[in-house]
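Q:
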Amino acid sequence: MRVAIRGIYTTALTRLFAEAGHEVVQATDPIRERFDPEFGDGPADLSCTTSRDRQGVSLSGDPDAVAEANELLGVGRDTFRLDDPTPLGSVHEGRVEGTRSGGAVVSLSEGRGYLPFDDADGYVDEGDSLRVQVAEPAAPWSDDDPRLSTAIRARTPGGLAALREGGSGIDAPDEETAGLVDLLSVETPEEWGVSLGRRAREASLADLEAGLSRAAELAEEFEGGDTVEPYATAWCWFGRESRFSLDAERRAVTTTMAGHHRIKAGSSRASDAVDFAEALCEPKEFPFEAVAGQFGPEEGDALAIEHGKPSGKVITLGRGEVIEYDPEGSITLRREMTAGGSYDALGTPRESGDVAITTLKEGRWWYPTVYRDDEGATKGTYVNVCTPVELFPESARYVDLYVDVIKGRDGTVERVDGEELSEAVAAGLVSEELAGKARSVAAAIERALG
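First residue of the sequence shown? That's 1 in UniProt numbering, and the numbers climb one at a time after it.
1) Under a three-way DSSP split, which group does residue 143 fall into?
2) Please determine, among 370, 327, 252, the residue with the shortest C-alpha to C-alpha distance to residue 286.
3) For the candidate residues 438, 390, 369, whose alpha-carbon lies nearest to that of residue 380?
4) Measure the CB-CB distance between residue 140 and residue 239 and report whether it falls below 8 angstroms.
5) Would you check if the segment 175–191 and the segment 140–149 touch, i.e. whether three or more CB-CB distances between them fall below 8 angstroms?
6) Would you kindly work out how many angstroms separate the C-alpha atoms of residue 354 and residue 396, rounded to a whole number?
7) Mark residue 37 as exposed unless 16 or more other C-beta atoms lie within 10 angstroms of its C-beta, in which case mark it buried.
8) Return the CA-CA distance between residue 211 and residue 120, expressed in angstroms with no decimal places.
9) Are the CB atoms of residue 61 and residue 237 nearer to each other than 8 angstroms?
10) Just mark residue 272 as buried or exposed, buried being the case when its beta carbon has 16 or more other beta carbons within 10 Å.
11) When you compare the segment 278–297 with the segment 246–258, are there three or more beta-carbon pairs, one atom per stretch, that lie closer than 8 angstroms?
12) Counting pairs of Cβ atoms below 8 angstroms between the segment 60–75 and the segment 42–51, do you hit three or more?
13) Using the DSSP secondary-structure output, state which residues sit across from residue 93 in a beta bridge.
14) Secondary structure at residue 361, three-state DSSP: helix, strand or coil?
15) Tell me, which residues are paired with residue 386 by DSSP?
16) If you draw a straight line from the C-alpha of residue 24 to the C-alpha of residue 434, how long is it?
17) Just tell me which of 342, 176, 376 has its CA closest to the CA of residue 334.
18) Does the beta-carbon of residue 222 have 16 or more other beta-carbons within 10 angstroms, so that it is buried, or is it exposed?
19) I need the boundaries of the alpha helix (DSSP H) containing residue 207, first residue and last residue.
20) Can you give me the C-alpha to C-alpha distance between residue 393 and residue 321, rounded to a whole angstrom?
21) For residue 108, count the other beta carbons within 10 Å of its own beta carbon; 16 or more makes it buried, fewer makes it exposed. Which is it?
22) Going along the chain, which residues of its own chain have a beta-carbon closer than 7 angstroms to the beta-carbon of residue 184, five neighbours each way excluded?
23) Cα separation between residue 123 and residue 226?
24) Evaluate contact between the segment 434–444 and the segment 400–407, counting only Cβ atoms and requiring at least three cross-stretch pairs below 8 angstroms.
25) Can you tell which of 155, 267, 14 has the C-alpha that lies nearest to the C-alpha of residue 91?
26) Compare the Cα-Cα distances from residue 125 to each of 146, 195, 99 and report the closest residue.
27) Can you tell me which of 66, 97, 104, 17 puts its alpha carbon nearest to the alpha carbon of residue 88?
28) Can you tell me whether DSSP reads residue 406 as helix, strand or coil?
29) Grab the span of the beta strand (DSSP E) containing residue 321 for me, first residue to last.
30) Buried or exposed for residue 165, please, with buried defined as at least 16 other CB atoms from any protein chain shown within 10 angstroms of its CB.
31) Tell me which residue opens and which closes the alpha helix (DSSP H) that residue 68 is part of.
32) Roughly how many angstroms lie between the CA atoms of residue 157 and residue 7, to the nearest whole one?
33) Straight-line CA distance for residue 218 to residue 135?
34) Using C-beta distances below 6 angstroms, list every residue in its chain close to residue 168, excluding the 5 sequence neighbours before and after it, in chain order.
35) Spatial neighbours of residue 231 within its chain, please: C-beta separation below 8 angstroms, excluding the five flanking residues on both sides.
36) Considering only the alpha carbon of each residue, which of 115, 161, 428 lies closest to residue 146?
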């Protein structure tokens, strides 16, 4: 396949795709400098792009290419691969549910999307029926909806060439590039304008012709139905182990400090700092103290616990104050609990004045929460088994592996939710390898608490 790659994982993924015999196209200048082979500028079968929050990547393009790439990017036990019901470039007949902060919420055949008013053709109001296109898919673990537009474009993955419905003329980076279209033997549909991306400047005439020919085929598909999905989109959600696996791939090509992708996933500021540090030296181990000292978390900070699910959803378990900080890579959070109900699995009433004390350690496959009453007496301990914890500046993140261990007020130790883990394996959400790791961790915790 031919793949165009963008984002913080580009070097590592370029090596992965190239080693698997695939062709990387439309490469950035740093990638061209780091690799020996020449890179083409032709149309791609697949676009691989880092998610907005830098936690993973999207794969959009030919369905067979997406499926093959999805398997290739299973780089660690804590990589989760998720199909998107609203793929990039798909066209839908939608209905406006309401408005929200400068745009409209539109219900689709599957799920919903967000249409910014700036991307809508004319006035939009609740109840309107609109033909919309997915301009930017949303990661399933985020709170975002896919971004929509009423401007329909037939475009190739990677953005080399596109056609605009209802348009005319040629949009191009410059007049010289626009003039190349006259040299091509491509018949574009009537009432579709031509758009060429920045990479069209370097592309050969054969590449441009192939890109516009594919765009013309897509335009005909769009004219043939209300709901059209010419491409598939899937997501790879990376955990801590996966990020370190990608470090190894990148290190085979260029200087890569320990924790390169783990740090870059934390914030854009941290990402810039990694580039600077690698220009000077290469730390041998993940420098948690330096990273946390510069970007957080530190004592006194407020930190959210973002509890991911293998299905791609993320639940925020609340925010707590960092009351203890260990430069070796662990923090302790204090959360004040509201009254009502009981603590999961423990069965202990949740009462006014209760606090939860949670200790999280970078890279550990579990973390404990101790619940105490207003006098400091322990009401129970809940140990969550999960993918390796990552302590980012504003949140602790992991993916829950269902099985947990509890210790009641009376000292009874019990493993819980094992059936949920088995069901997740049967549903294809958790691999057998990852489930085995979760069970072994839970067994070790059970022995330690017993």
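By construction, the Cβ of each residue, glycine as well, lies at the ideal position given by its N, Cα and C atoms.
A: So, to answer that:
1) For the purposes of this step, residue 143 is taken as the residue at position 143 of the sequence shown. Coil at residue 143, not helix or strand.
2) Along the sequence shown, one-based indexing puts residue 286 at 286. It is 327.
3) For the purposes of this step, residue 380 is identified with residue 380 of the sequence shown, where counting begins at 1. The shortest C-alpha separation from residue 380 is found at 369.
4) Translated into the one-based positions of the sequence shown, residue 140 becomes position 140. Translated into the one-based positions of the sequence shown, residue 239 becomes position 239. Going by C-beta atoms, residue 140 is not nearer than 8 angstroms to residue 239.
5) no
6) The residue you call residue 354 lines up with position 354 of the sequence shown. The residue you call residue 396 lines up with position 396 of the sequence shown. Straight-line Cα distance between these residues: approximately 22 angstroms.
7) Here residue 37 corresponds to residue number 37 of the sequence shown, with the count starting at 1. Exposed is the call here.
8) For this step, residue 211 is matched to residue 211 along the sequence shown. For this step, residue 120 is matched to residue 120 along the sequence shown. Answer to the nearest angstrom: the Cα atoms are 27 angstroms apart.
9) Here residue 61 is taken as the residue at index 61 of the sequence shown, counted from 1. Here residue 237 is taken as the residue at index 237 of the sequence shown, counted from 1. No, these two residues do not count as a Cβ contact at 8 angstroms.
10) The residue given as residue 272 occupies position 272 in the sequence shown. Exposed: under 16 other Cβ atoms inside 10 Å.
11) yes
12) yes
13) On the sequence shown, residue 93 is found 93 positions in, with the first residue counted as 1. Residue 93 is bridged to 131.
14) Within the sequence shown, numbered from 1, the residue matching residue 361 stands at position 361. Residue 361: strand per DSSP, three-state reduction.
15) Here the question's residue 386 lines up with position 386 in the sequence shown. According to DSSP, which records beta bridges pairwise, residue 386 is partnered with 400.
16) Along the sequence shown, one-based indexing puts residue 24 at 24. Along the sequence shown, one-based indexing puts residue 434 at 434. In a straight line, the C-alpha of residue 24 is about 31 angstroms away from that of residue 434.
17) Residue mapping note: residue 334 aligns to position 334 of the sequence shown, counting from 1. For the residues 342, 176, 376, the minimum Cα distance to residue 334 belongs to 376.
18) The residue labelled residue 222 in the question sits at position 222 within the sequence shown. Classification of residue 222: buried, given that the 10 Å Cβ count is 16 or more.
19) Residue 207 sits at position 207 when you count from the first residue of the sequence shown. 205–222 is the extent of the alpha helix (DSSP H) around residue 207.
20) The residue labelled residue 393 in the question sits at position 393 within the sequence shown. The residue labelled residue 321 in the question sits at position 321 within the sequence shown. Computed Cα separation, rounded: 13 angstroms.
21) For the purposes of this step, residue 108 is identified with residue 108 of the sequence shown, where counting begins at 1. Residue 108 comes out buried.
22) Mapped onto the sequence shown, residue 184 falls at position 184. Around residue 184: 205, 208, 209, 212.
23) Translated into the one-based positions of the sequence shown, residue 123 becomes position 123. Translated into the one-based positions of the sequence shown, residue 226 becomes position 226. Rounded to the nearest angstrom, the two C-alpha atoms are 21 angstroms apart.
24) yes
25) Here the question's residue 91 lines up with position 91 in the sequence shown. When each option's Cα is compared against that of residue 91, the closest is 155.
26) Taking the sequence shown and counting its residues from 1, one reaches residue 125 at position 125. Nearest option by C-alpha distance: 99.
27) By one-based count along the sequence shown, residue 88 stands at place 88. The shortest C-alpha separation from residue 88 is found at 66.
28) Numbered from 1 along the sequence shown, position 406 holds the residue referred to as residue 406. Here residue 406 sits in strand by DSSP.
29) Within the sequence shown, the letter at position 321 stands for residue 321. That run of the beta strand (DSSP E) goes 314–326.
30) Counting from one through the sequence shown, the residue named residue 165 turns up at place 165. It counts as buried.
31) Counting from 1 along the sequence shown, the entry for residue 68 is found at position 68. Start and end: 63–72.
32) Residue mapping note: residue 157 aligns to position 157 of the sequence shown, counting from 1. Residue mapping note: residue 7 aligns to position 7 of the sequence shown, counting from 1. When rounded, the distance between both Cα atoms is 15 angstroms.
33) If you number the sequence shown from 1, residue 218 lands on position 218. If you number the sequence shown from 1, residue 135 lands on position 135. Using only the alpha carbons, I get a separation of about 15 angstroms.
34) One-based indexing of the sequence shown puts residue 168 at position 168. 193.
35) Translated into the one-based positions of the sequence shown, residue 231 becomes position 231. Once the five neighbours on either side are set aside, the close Cβ partners of residue 231 are 60, 61, 62, 63, 66, 87, 88, 89, 90, 157.
36) Taking the first residue of the sequence shown as position 1, residue 146 is located at position 146. Residue 146 has its Cα closest to that of 115, out of 115, 161, 428.
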